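Each residue of the sequence shown is one higher than the one before, counting from 2 in my numbering.
Just so you know, even glycine gets a beta-carbon here, dropped at the ideal spot from N, CA and C.
This structure is a prediction, so every number in the text was calculated from the model and none was measured.
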Amino acid sequence: MTAPTVSSSDPTLLHELQTPAAIVDLDRLAYNVDRMAAYAAVHGLALRPHVKTHKSPRVAAEQMRSGASGVTCATVREAEVMSEVTDDIFLAYPAVGTAKLNRLMALPPSVRLIVAVDSADANDELAAAASAAGREVRVRVELDLGMHRVGVQGADAAVALAQEVAGTRGLVFDGVTFYPGHIRQPQAEQGEDLARLSASLGETLAALERAGLPARSVSGGSTPAAWRMHEIAGLTEVRPGTYVYNDRTTVAIGACAWDDCAFTILATVVSTSVPGQAVIDAGTKALAREPMPAAADQGFDPGYGALLDRPEVTVSRMSEEHGILDLSRTSWMPEVGDVVRVVPNHVCVSQHLFDEVYGARGRVVETRWAVAARGR
Ligand SMILES: Cc1ncc(COP(=O)(O)O)c(C=O)c1O
2 MTAPTVSSSD PTLLHELQTP AAIVDLDRLA YNVDRMAAYA AVHGLALRPH
52 VKTHKSPRVA AEQMRSGASG VTCATVREAE VMSEVTDDIF LAYPAVGTAK
102 LNRLMALPPS VRLIVAVDSA DANDELAAAA SAAGREVRVR VELDLGMHRV
152 GVQGADAAVA LAQEVAGTRG LVFDGVTFYP GHIRQPQAEQ GEDLARLSAS
202 LGETLAALER AGLPARSVSG GSTPAAWRMH EIAGLTEVRP GTYVYNDRTT
252 VAIGACAWDD CAFTILATVV STSVPGQAVI DAGTKALARE PMPAAADQGF
302 DPGYGALLDR PEVTVSRMSE EHGILDLSRT SWMPEVGDVV RVVPNHVCVS
352 QHLFDEVYGA RGRVVETRWA VAARGR
């Protein structure tokens, strides 16, 4: 899908857009995409970005152009939309339930589909759907390497499920997958957790080898640990998502600089009546009420977002359409009508609250695109 360009009747400068609006800085986006592609290439890792952050074919196409081998999805809707961009799709989520599975099997036949499973039940459901659709599906066994969300527990359980997959008609055992989402401390302090994870992954990989089922692909990755993934022995593929836009949390962890935050919410100051604060037209329905990690502790409540140009100004409270700016750490005196840009705490959830995104370079709006894979 090509992104529609802003037509001549549309506003072309940021401050002319109706707010709240989702803005992507196109230069920062390109930098983030290229930087991760270069990291993966240098370390000989395949890059399969998670599209849940942007949910946009426009951005996925940019990731594919810069060297991604395919994409990772969490929802069937994402997989459907991303099939416009790539034939290599990994659903890194347990595909359970007939309605979901039927939609998944209806993806274009050209799509080489990979699905994560962590139970014999999910494996059986997947096999039944694949066989009914006459489709071959590659399967990765999901491991719990510390996140404690999904994933089989230990090497023996991984081997048992891999054997089950390998013995199922229509399914092909492709390898293993894990999500190191529990590693969210500052980058420099991640070493111990990464070593522990690497050791238990190593045990599972060795057990699979001994069972005659070597893992062809070993997929893992997140943005907080993105730049240290090469320390995990045996890893073949990384799957960061947030890195494409980044956010306040990523900055706090040290996985990007403030200037790498490509996504902001453009908002207008609508009231300054109450002393010590200003109100913008971006509340929970634009920013989302997402917490900051402990790593962000600077001795004051971090709130729910901060201004791009004045990071000391935070969104301290919100209603659905009101965001309260805390002015206690700034000499800035906002006026009604001022336009600001807010960096959200967690970009994936914030961008999901918008139908479309404007792409800007500096103050000029160059393009806009639909967040096409929103919804179910
Ligand atoms: C299974 C899986 N893989 C990869 C990612 C990407 O992680 P991040 O958003 O930290 O880049 C996520 C994020 O939720 C995930 O759930």
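| Query | Result |
| --- | --- |
| Heavy atom of ligand 1 within 8 Å of H231 beta-carbon | no |
| Closest by C-alpha distance to L15, when choosing among I266, S320, G277, N346 | I266 |
| Straight-line gap, A371 to P58 (C-alpha atoms, nearest Å) | 9 Å |
| Inter-stretch contact (C-beta, 8 Å, three-pair minimum) for the stretch 17 to 34 and the stretch 257 to 265 | yes |
| Contact test: S223 Cβ vs ligand 1 heavy atom, cutoff 8 Å | yes |
| Proximity test, H16 beta-carbon vs ligand 1 heavy atom, cut-off 8 Å | no |
| Buried or exposed by the 16-neighbour rule on C-beta atoms within 10 Å, applied to S223 | buried |
| Where P5 falls, given that 16 or more other Cβ within 10 Å makes a residue buried | With a pLDDT of only 42 at P5, under the threshold of 50, the placement of this residue in the model should not be trusted; the figure read from the coordinates follows. P5 should be labelled exposed. |
| Exposure label - A380; buried when at least 16 CB within 10 Å | Residue 380 cannot be examined here, being either before or after the span of the chain that is shown, 2 to 377. |
| Span separating the alpha-carbon of E313 from that of G98 | 46 Å |
| Exposure label - F301; buried when at least 16 CB within 10 Å | exposed |
| Closest residue to V118 among G135, L172, S111, P215 (Cα-Cα distance) | L172 |
| C-alpha distance - I184 paired with M319, whole-angstrom precision | 29 Å |
| Alpha-carbon spacing of A22 relative to S317, whole angstroms | 20 Å |
| Span separating the alpha-carbon of G71 from that of G192 | 28 Å |
| C-alpha gap between S132 and R362, whole angstroms | 49 Å |
| Cα-Cα separation, R136 to T178 | 22 Å |
| Cβ shell of A373 (< 8 Å), same chain only, five flanking positions each side left out | M2, K56, S57, P58, V82 |
| First through last residue of the beta strand (DSSP E) which encompasses V316 | 315 to 319 |
| Given E165 as reference, the closest of E126, A75, P181 once Cα atoms are compared | E126 |
| Under 9 Å between C-beta atoms of V271 and D282 | yes |
| Reduced DSSP category for L162 - H, G, I as helix; E, B as strand; rest coil | helix |
| Residue nearest to I115 in terms of C-alpha spacing, selected from L354, T205, Y244, S218 | S218 |
| DSSP-derived helix/strand/coil call for V177 | strand |
| P345 and D194 closer than 9 Å at C-beta | no |
| Per-residue burial, W228 [other beta carbons within 10 Å of its own, 16 or more giving buried] | buried |
| Assigned exposure category for P303 - 16 Cβ within 10 Å defines buried | buried |
| Contact test: R240 Cβ vs ligand 1 heavy atom, cutoff 8 Å | yes |
| Proximity to S201 [Cα-Cα], best of D175, A216, I233 | I233 |
| Option in A287, H323, R311, E336 with minimal Cα separation from I24 | A287 |
| Burial state of K51 (16 or more Cβ within 10 Å) | First, the amino acid is wrong: residue 51 is His here, not Lys. Classification for H51: buried. |
| T20: CB within 8 Å of a non-hydrogen atom of ligand 1 | no |
| Same chain only: Cβ atoms within 8 Å of R197, ignoring 5 sequence neighbours per side | G147 |
| Cβ-heavy atom distance, C349 to ligand 1, below 8 Å | yes |
| Beta-carbon separation (whole angstroms), E79 vs K53, contact threshold 8 Å | 7 Å |
| Residue closest to V337, alpha-carbon to alpha-carbon, out of C257, A268, R36, V138 | A268 |
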